[in-house]
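Trainee: Sharing a structure with you now.
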DNA sequence: TCAAAAGTGTTCTGATTACACCCATGT
DNA sequence: ACATGGGTGTAATCAGAACACTTTTGA
């Protein structure tokens, strides 16, 4: 059978387009979800001068888009991440999304832990490159009347919105939340990650029971970092120093020490928590669904 | 702040790539999932001569990729579908996936109902363009030893594999199953769609209870097509002809009438079923999960 | 009367949620 | 002693699954 041809294009010389990979770098600090943005230049023929934008660049000749995203992170952001931490979140192809030329963008999301990239996050904060995701998407916290969003370049607010939803699903179905934590963490730290990304207030007790039931997700470690399958719930004989990676209260550190709810999780108060690390499996069985996805009646956790 | 540049590309003249939209046309006939494929030509400089491939073409200048997919369906397949029925299922960007040039493909999936496109399906079957998805992906049914898959061109078997998984999730979370049925259908017809796409054998009684509980998914209609909110379960007073769109046993119609399990659903045997139509809402609350996604223990429905 | 298909009822299991309560530690 | 945060127990509610059973038709 002869192949039907669309008659519009020569298959030996089809039209070519500009392709970019844009990267949404997300992190949780101080109980909030932050994104790394750059500010566009003020050149005369630059579109969206002075606007906030996601880092991105054009795909190379012999390069997968995932590698392009890694290159963007290395060259334009200053981050080195594993390929497995990057997740494709969307394709953006409206013909007029870039006023200069026809540009199709593929968006990637990466979650970085405050602990693993402490110096980067401090530097980005000092340069004003960290923005609260909820304020960019929904507007300010008390913006019932006035929308105080700062507008982003191109359709990057759409990319950010879909990236946040993508990450919320990732936290339901995979162990992506561990990318936002140090190698050893407590269940409270893990719950605060889910609270921040889902914009939830999960019940601490119920969270412990749900998350420890998922097989292959997390495993308890002794204070010195050795995993123990049957580690006792109350470490009575432990007097050694706990090898805990603490969170730094880098934001809101204006010495008003008791208004930021979940600023410094490990300040040696109350019963000492157990410590956990990743148990290896990337997919959660069963998934850890957001509040309200099971029951249809209204709940207080939603 | 000066914008960092990757130094590899001129932002005013970035490298350009060929972009295509490939379409995975799926339908359920005779209890199986089928895909529409084309066979590549035997030209000397054609890659993958004679291989099976998904229909696709290059994106136009002022055209979204979704519109490209619609154009492919109209010009190369001979189908006219609504834009809402098309769903993006993946991006394929390996540098060497097309031996001719660097080509990045975006895949779309569309589900067509046997009833709505009966002449098209008959024509496609006569031209040998319909293939069973499970045989292309997994091999033949009894291929424990011999893999009798016919190889597909490019990475189209990967596209097809991810498209099937995409559709399986679509049937969990949206009313996409209704795209595979006529406007008025029975619960048995709907269950056979889920059985075919999920490769499941859902319990008929449990399926009825689950699916009728989902608010806004389907609503019962009287035999003449008028919806009734409180339609009685047993239509005692009905003697009029039922306006039912019946399935045609177009495949396996070799007169061995009792071996193809779910060939012709409406053959006037047993208790007459109720009839339903779409209730409008695209997203299902709660979703209709596949067997085994809730319980962790092994089940017989899986 | 019998088979076949549609639909209901019942029971068991298990997940979600709410909330009370206990445990361990610093001040 | 007391506050604070970590963690367990328990009960109510609801969903998934298995399966027996009833209903309604054609043969």
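Protein chains in written order, with our numbering: chain A, 368 to 669; chain B, 368 to 669.
Idealized CB from N, CA, C, for every residue including glycine.
From a predicted model like this one, the values you see are computed outputs, not experimental measurements.
Tell me whether the region 572-582 of chain B and the region 533-540 of chain B touch, counting them as touching only if at least three CB pairs, one residue from each stretch, are closer than 8 angstroms.
Mentor: Taking 8 angstroms as the limit for Cβ pairs, the verdict is that the region 533-540 of chain B does not touch the region 572-582 of chain B.
Trainee: Along the alpha helix (DSSP H) that carries residue 573 of chain B, what are the first and last residues, could you check?
Mentor: 571-580
Trainee: Compute the Euclidean distance between the alpha carbons of residue 402 of chain B and residue 661 of chain A, then round it to the nearest angstrom.
Mentor: 34 angstroms
Trainee: Are residue 530 of chain A and residue 476 of chain A touching if we call contact CB-CB under 9 angstroms?
Mentor: Less than 9 angstroms divides the Cβ of residue 530 of chain A from the Cβ of residue 476 of chain A.
Trainee: Mind checking whether the beta-carbon of residue 491 of chain A lies closer than 8 angstroms to any heavy atom of the ligand PLP?
Mentor: Among the components modelled here there is no ligand, and therefore nothing to report on the ligand PLP.
Trainee: With H, G and I counted as helix, E and B as strand and the rest as coil, what does DSSP make of residue 471 of chain A?
Mentor: strand
Trainee: Closest to residue 481 of chain A by C-alpha separation, out of A:457, A:470, A:446 and A:465, would be which residue?
Mentor: When only C-alpha atoms are compared, the closest one is A:446.
Trainee: Since residue 527 of chain A and residue 504 of chain A should fall inside the 8 angstroms C-beta cutoff, what is the C-beta to C-beta distance between them, to a whole number of angstroms?
Mentor: Confirmed, about 6 angstroms.
Trainee: How is the beta strand (DSSP E) around residue 645 of chain B delimited, first residue to last?
Mentor: 642-645
Trainee: Using beta carbons (cut-off 9 angstroms, strictly below), is residue 528 of chain A in contact with chain B?
Mentor: no
Trainee: Rounded to whole angstroms, how far is the Cβ of residue 421 of chain A from the Cβ of residue 404 of chain A, which I believe are closer than 8 angstroms?
Mentor: 7 angstroms
Trainee: For a test of the three-state rule: what should DSSP assign to residue 561 of chain B, helix, strand or coil?
Mentor: helix
Trainee: Pop quiz: residue 546 of chain A and residue 452 of chain A are said to be a contact at Cβ under 8 angstroms. What is the actual Cβ separation, rounded to whole angstroms?
Mentor: 6 angstroms
Trainee: If I'm right that residue 464 of chain B touches residue 458 of chain A with Cβ under 8 angstroms, what's the distance once you round it to whole angstroms?
Mentor: Rounded, the Cβ-Cβ distance is 16 angstroms, inconsistent with contact.
Trainee: Go ahead and label residue 636 of chain A buried or exposed: buried means 16 or more other beta carbons lie within 10 angstroms of its beta carbon, across all protein chains shown.
Mentor: exposed
Trainee: DSSP on residue 531 of chain A, reduced to helix/strand/coil?
Mentor: helix
Trainee: Using 8 angstroms for Cβ pairs, my map puts residue 429 of chain A next to residue 381 of chain B. What's the rounded Cβ distance?
Mentor: At roughly 16 angstroms, the Cβ-Cβ gap does not stay under 8 angstroms, so residue 429 of chain A and residue 381 of chain B are not in contact.
Trainee: Please report how far the alpha carbon of residue 418 of chain B lies from the alpha carbon of residue 489 of chain B, in whole angstroms.
Mentor: 22 angstroms
Trainee: Report yes or no: is there a C-beta of chain B within less than 9 angstroms of the C-beta of residue 660 of chain A?
Mentor: Interface residue, yes.
Trainee: So the candidates are A:444, A:652 and A:649; which of them puts its Cα closest to the Cα of residue 494 of chain A?
Mentor: A:444
Trainee: Based on the DSSP secondary-structure assignment, which residues constitute the bridge partners of residue 402 of chain A?
Mentor: According to DSSP, residue 402 of chain A bridges with A:393 and A:498.
Trainee: So, does the CB of residue 481 of chain A fall closer than 9 angstroms to a CB anywhere in chain B?
Mentor: no
Trainee: Considering only the alpha carbon of each residue, which of A:426, A:641, A:536 and A:498 lies closest to residue 519 of chain A?
Mentor: A:498
Trainee: Pull the bridge partners of residue 423 of chain A from the DSSP assignment, please.
Mentor: A:389
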